[in-house]
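Under the numbering used here, the residues of the sequence shown are numbered -16 to 236, in order.
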Amino acid sequence: MEKICHNCSTAISTPFCPRCGQDAHVGRLNMHSLLHEIWHGFTHTDKGILKLIKDLALKPARVYNAYFAGARKTYFSPVVFFLLSFGIYIFLDQKVFDYEDYVVHKYNEYGRLYHLQLKYIALVLLPIQALLSWALFFRKRNLAECIVFWLYCIGFVNVLLILMTPLRLLLITNKHIVDFCLEMLTLLIIVVHAWKVFGTSWRNKILVLLLVFVLQIINVYVSFWFNIHKGIPVHYPSLPGAVQEIFWLLKSK
């Protein structure tokens, strides 16, 4: 019985597509295939990262829907994409802090320490992001698809931040303004991409906005938890001084 290759739409009757080589038995994404993809991501290197970045920028819905449906050969592995982009971003972000110390003589130790913890915070947040997305949109997407969405989406955000590194260095004296603008831009990208995957109705679009808002709050609390256990002073300008002192006393204990 002939099947249609999910990757290149070629009619096939063999175990592998004669045109692109994809497994003929690949179907909708599930946890078993996701675990296989994670193993593949650590042991192989695929091609197509530039195509992936371009398509995530111009037609993100096509990337997500194609990968979910079974087109695994078309795009770069989401696991490798996330890890590679995140590693490069962490490395370059450290250089931005070094340059800020050198030029501005503003020793932003809290920012530097937060940066050092970022790799742990990101790994903690990823399953939370996926689980909350699945809880809200389980009728539309399964858990594996939610995980892949966040791997691709955050990976794309990392690429954007990597590309903006020269601008951050050029405007180092106004780094806080640039960083704020980039944070707003990344939130906008996450919302737009989430709408493409989850938001087919106004109800879902509102739920996406609520999801992103809740995740931002969780991000703050996770960061605060890491700071408590590392003994790092945390200052929140919007909080009264007495409240900040209470936070510090709690951490001291």
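All residues carry an ideal CB built from backbone N, CA and C; glycine is no exception.
Just so we're clear, the structure is a prediction, and the values are computed from it rather than from any experiment.
| Item | Value |
| --- | --- |
| First through last residue of the alpha helix (DSSP H) which encompasses residue 34 | 32 to 41 |
| Three or more C-beta pairs below 8 Å linking the region 182 to 198 and the region 105 to 121 | yes |
| Assumed close pair residue 130, residue 17 - CB separation to whole angstroms, cut-off 8 Å | 6 Å |
| Beta-carbon proximity of residue 155 to residue 86, cut-off 7 Å | yes |
| Residue 128 burial status per 10 Å Cβ neighbour count (16 or more: buried) | buried |
| Assigned exposure category for residue 196 - 16 Cβ within 10 Å defines buried | exposed |
| Residue from 115, 73, 78 and 157 whose Cα sits closest to the Cα of residue 103 | 73 |
| Residue 15 to residue 57 span [Cα, whole Å] | 20 Å |
| Presumed contact (8 Å Cβ cut-off) between residue 69 and residue 40, rounded CB distance | Contact flag wrong, Cβ pair sits at about 18 Å. |
| Per-residue burial, residue 76 [other beta carbons within 10 Å of its own, 16 or more giving buried] | buried |
| Where residue 123 falls: helix, strand or coil (DSSP) | coil |
| Alpha carbon of residue 183 to alpha carbon of residue 38, nearest angstrom | 20 Å |
| Per-residue DSSP class, three states only, for residue 59 | coil |
| Residue 43 beta carbon less than 7 Å from that of residue 179 | yes |
| Spatial distance of residue 5 from residue 174 (CA atoms) | 32 Å |
| Helix, strand or coil at residue -6 [DSSP, three-state] | strand |
| Spatially closest choice to residue 139 from -8, 51, 3 and 168, by CA coordinates | 168 |
| Of the listed residues 170, 33 and 12, nearest to residue 67 (C-alpha basis) | 33 |
| Straight-line gap, residue 124 to residue -7 (C-alpha atoms, nearest Å) | 26 Å |
| Whole-angstrom distance between residue 204 and residue 47, CA atom to CA atom | 30 Å |
| 7 Å Cβ cutoff met for residue -10 and residue 54 | yes |
| Identity of the residue in 185, 35 and 199 nearest residue 112 by Cα | 199 |
| Pairwise C-alpha distance: residue 12 and residue 166 | 31 Å |
| Range covered by the alpha helix (DSSP H) that runs through residue -11 | That residue, residue -11, is in no alpha helix (DSSP H); it is neither H nor E in DSSP. |
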